[in-house]
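Anchor point for the sequence shown: position 9 equals 2 in the numbering used here, and the numbering is continuous, going up by one each time. C-beta atoms are modelled at their ideal positions from N, C-alpha and C, and glycine is treated no differently.
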Amino acid sequence: MNDHSGPFLLVNPDRCMGCLTCEVVCAVAHSRSGALSAAMVAGETLSPRNRVVQVAATRFPTQCRQCEDAPCVRVCPTGATYQTATYTAVNQKLCIACKLCMMVCPFGAIHISSVQVNSRSKPAAVKCDLCVDRADGPACVAACPTHAISLAHPRAVMNEANQDSAQRFLAALQAQDRAANAVNRTTEGTSL
């Protein structure tokens, strides 16, 4: 089994208040100007690479899960969608906006947007690239006011899940032992 150790964004829907801050900072982080006011003055079309969605009464952002065996990469006819050791991205120069990647993404994390390529606007696939060009990491993680978004690493997530599972198992064993001891005490008390 391939040990893909690249990071991914983890969202805690219980903490998300649906404020859209993550969408705004994502769009700005991927703008040419890098600042909201400058992008507005320049007339840039801002396009976030994440989307806040609502499911029942819960709102939360959806981002690329950086799949190990990424369907978007497998289906791309031009090789525009590609994978590195740590993230999956789109070379918008090669993208023909065929929407195949968007259709196969199991998380709905890819959309088509107008992008600037060689000083002209064209439609192309847009998806989270973990802000790889940003020294401080993903803009959405840094800006989320409730810390609903975090940058996770598979090994750390697995270790935490193993610890949680082991603690639940230990608690179940201890409860079983207490119950068995209570039954033994009851049995001993009735036999006297």
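request  = Classify K120 as buried or exposed, calling it buried when 16 or more other Cβ atoms lie within 10 Å of its own Cβ.
outcome  = Within the sequence shown, residue 120 is the residue found at index 127, counting from 1. Label assigned to K120: buried.
task = Can you check the stretch 25 to 88 for any alpha helix (DSSP H) of at least 4 residues that lies completely inside it and give the ranges in chain order?
result = 29 to 35 and 64 to 68
task = Tell me whether T77 counts as near the ligand SAH, meaning its Cβ is closer than 7 Å to at least one heavy atom of that ligand.
result = With respect to the ligand SAH, the structure offers nothing, as it holds no ligand at all.
Proximity to A32 [Cα-Cα], best of V17, C98 and R42 = Position 39 of the sequence shown, counting from 1, holds the residue named residue 32. Nearest option by C-alpha distance: V17.
task = Verify the CB distance criterion: does L163 have a CB-CB separation below 8 Å to chain D?
result = The chain labelled as chain D is not found in the depicted structure, where only one protein chain is given.
inquiry  = DSSP has Q109 in a bridge; who is on the other side?
reply    = Counting from 1 along the sequence shown, the entry for residue 109 is found at position 116. DSSP lists S114 as partners of Q109.
key: Touch test, the stretch 75 to 87 against the stretch 46 to 53, Cβ-Cβ under 8 Å, three pairs minimum   = no
inquiry  = For L93, report the span of its alpha helix (DSSP H) as first-last.
reply    = Start at 1 with the first residue of the sequence shown, and residue 93 comes out as number 100. Counting along the chain, the alpha helix (DSSP H) containing L93 begins and ends at L93 to V97.
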